[in-house]
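The next block holds one structure in the form of structure tokens; read it before the comments.
In this note's numbering, the protein residues as written are 135 to 309.
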């Protein structure tokens, strides 16, 4: 655990966003879709949900697991975007789920010193704080794309903020 309150609050917030908010909602959105829908691309310049899941898996593994656990970085980033339908939604979610489980272990044990240390990841020199923030922010960005694509294909609200409709803060659709 981190040794100071600010580090612990940062890690707690990061774990909550990644593990309790983004990941379960991403999983729920993907589980609504067919295999054809997860591999659908609106155009050649865009990625499918499946490509985004492969990309998130590579990013979380590289930036959190491999870096902080000092493992060899074997990420093949181009393959994340070049894949075209060879994995099922269940396979993709299982793969990302296993990586999320490993990332959770890292986030549970990171220290204040590791957060302030310098790390070399994907050609960048960053602090541990920046690496954790990059993963959470990056995951949130692509999670949002996945939710948007799901809503576009399904034409329905996913109910992620339904509790707000009871307060009057989110009348109508709530994501």
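Note that CB positions come from ideal geometry on N, CA and C, so glycine has one too.
Three-state class that DSSP yields for residue i in the structure shown
i: residue 173; result: helix
i: residue 282; result: helix
i: residue 295; result: coil
i: residue 233; result: helix
i: residue 154; result: helix
i: residue 290; result: coil
i: residue 203; result: coil
i: residue 181; result: coil
i: residue 228; result: helix
i: residue 275; result: helix
i: residue 217; result: coil
i: residue 208; result: coil
i: residue 141; result: helix
Local Cβ density within 10 Å of residue i, reported as buried at 16 or more and exposed below that
i: residue 290; result: exposed
i: residue 180; result: exposed
i: residue 223; result: buried
i: residue 282; result: exposed
i: residue 146; result: exposed
i: residue 159; result: buried
i: residue 250; result: exposed
i: residue 230; result: buried
i: residue 214; result: buried
i: residue 201; result: buried
i: residue 233; result: buried
i: residue 185; result: buried
i: residue 227; result: buried
Reference residue i; option with closest CA among the options
i: residue 241; options: 256, 262, 228 and 224; result: 262
i: residue 166; options: 287, 177 and 213; result: 287
i: residue 149; options: 275, 300 and 237; result: 237
i: residue 162; options: 138, 278, 198 and 177; result: 278
i: residue 272; options: 196, 164, 178 and 176; result: 196
i: residue 182; options: 216, 144 and 143; result: 216
i: residue 156; options: 239, 294 and 203; result: 294
i: residue 280; options: 190, 140, 300 and 177; result: 190
i: residue 142; options: 193, 248, 292 and 200; result: 248
i: residue 193; options: 266, 296, 284 and 292; result: 266
i: residue 153; options: 220, 239 and 185; result: 239
i: residue 310; options: 292, 187 and 220; result: Examination of residue 310 is not possible in this model, given that the chain is present from 135 through 309 alone.
i: residue 270; options: 168, 198, 140 and 178; result: 198
Residues bridged to residue i [DSSP beta-bridge criterion]
i: residue 91; result: Within the shown structure, residues of the chain are numbered from 135 to 309, placing residue 91 beyond reach of any answer.
Cutoff 7 Å: residue i Cβ touching any chain B Cβ
i: residue 288; result: The structure shown contains no chain B; it holds only a single protein chain.
(message) For the pair the segment 165-175 and the segment 246-260, tell me if three or more CB-CB distances fall below 8 Å.
(response) The segment 246-260 and the segment 165-175 do not touch, with fewer than three beta-carbon pairs separated by less than 8 Å.
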